[in-house]
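Working notes, structure below.
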Amino acid sequence: MMLTQIREEQLIILKYFTELCKEYSLTYFLDGGTLAGTQLYQGYLPLDDDIDIAMPRSDYETLITLIASENSSDFTIDSFRTNPSCHICFAKIKKRGTKYHELTTNQTTENFIDIFPLDWVVKRHGLIWSVRVWAIQNLKGILFLRQIKKEISVSKKILLYSTNIFSNLLIYKMLNRLMTYQNKKNAAFLANFPGMVRKEECASRCSDYFPPVEKQFCNIRVNIPHNSEQIIRDIYGKGTYQHKQVQHFQTRKEPTTK
């Protein structure tokens, strides 16, 4: 089954990632549906076909530098820093030599795991927080619309065409500034801005992330947040574990027509 193959390849990527983090003392946590799957099944959620990781911004940037300079024959890292044509504000560690059809973008891609940066937040409620999240979500949306190769709604077409004067580089710089501008302040919260897709999501207390706890994910020992239950509630709200799982890859062959 193709889903099994996808997961096996992702576990190879995850093993490479965890060993790299251990070697260079980089902090990371399982995140999102991967974290929920670890809590419930010690592995993937039933329909999941991806792995989500979150890292403090400084460790995230170090990771990109390490993998990019390593020039591995087996793995590569895709991010705006390493690939200016990249349309995301997080990173993907990809396994070379693999090929799948990605449903969200309608394009062919190598198998990957997602790596998200965690940025500091002074207050996770109020006007500044709301405007910050709104601006980040809209800028992320513009970058995403520029990469997909499938039909989109009229409203999204209007958004896309009205922002054509802004280069990807400018949008990325604006995004980076919005996500990181509180990183040197005395902040009590951390947020995964690139991974936010639901209005109920909020930043999490640093004390709920640190210190990391070791747990089993399939056949690999991994780090999860200190208070994973609260992190999951911060992501999914009251509907904890009842979130919609998004299929990333086409796992069935299309029927052939004669």
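Using full-length UniProt numbering, the first residue of the sequence shown is number 1, and each one after it goes up by one.
Glycine included, every Cβ here is placed at the ideal spot set by N, Cα and C.
Quick caveat: nothing in here was measured; it's all calculated off a predicted structure.
Inter-residue spacing [alpha-carbon to alpha-carbon] between residue i and residue j
i           : j      : result
Asn186      : Met2   : 47 Å
Ala135      : Leu14  : 32 Å
Ile115      : Leu35  : 13 Å
Leu26       : Asp119 : 15 Å
Ile12       : Ser73  : 14 Å
Leu40       : Gly32  : 13 Å
Gln216      : Asn223 : 9 Å
Arg221      : Arg124 : 31 Å
Ser79       : Lys238 : 32 Å
Tyr16       : Pro117 : 18 Å
Asp52       : Ile158 : 31 Å
residue 279 : Val154 : Here the chain comprises residues numbered 1 to 258, so residue 279 is not present and cannot be evaluated.
Lys99       : Phe90  : 21 Å
Lys184      : Cys21  : 23 Å
Phe210      : Ser162 : 42 Å
Glu19       : Leu160 : 40 Å
Ser204      : Met179 : 15 Å
Tyr60       : Lys92  : 11 Å
Gly195      : Glu102 : 18 Å
Thr4        : Ile128 : 44 Å
residue 293 : Ala188 : Any property of residue 293 remains undetermined from this structure, which presents the chain solely from 1 to 258.
Ile232      : Gln107 : 30 Å
Leu145      : Thr82  : 20 Å
Glu201      : Ile77  : 27 Å
Asp48       : Gly37  : 9 Å
Leu190      : Thr109 : 30 Å
Exposure label - residue i; buried when at least 16 CB within 10 Å
i      : result
Asn219 : exposed
Gln10  : buried
Ile152 : exposed
Asn71  : exposed
Lys140 : buried
Gly126 : exposed
Pro84  : exposed
Phe166 : exposed
Ser228 : buried
Tyr181 : exposed
Thr65  : exposed
Arg252 : The predicted model places Arg252 with a pLDDT of 48, which falls under 50 and marks its position as unreliable; any figure quoted below should be read in that light. That one is exposed.
Identified DSSP bridge partners for residue i
i      : result
Val213 : Ile224
Asp52  : Asp114
Arg205 : Phe189
Phe29  : Ala54
Lys92  : Asp78, Asp114
Extent of the continuous alpha helix (DSSP H) run through residue i
i      : result
Thr65  : 57-70
Phe17  : 2-24
Thr76  : Counting along the chain, Thr76 falls outside any alpha helix (DSSP H), though it belongs to the beta strand (DSSP E) covering 75-78.
Gly195 : Segment: none, Gly195 is in no alpha helix (DSSP H) and carries neither H nor E.
Tyr41  : 32-41
Opening and closing residue of the beta strand (DSSP E) in which residue i lies
i      : result
Ala191 : 189-191
What are the start and end residues of each continuous beta strand (DSSP E) run of 3 or more residues lying completely inside the region 95-182, in chain order?
-> 100-102, 107-109, 112-121
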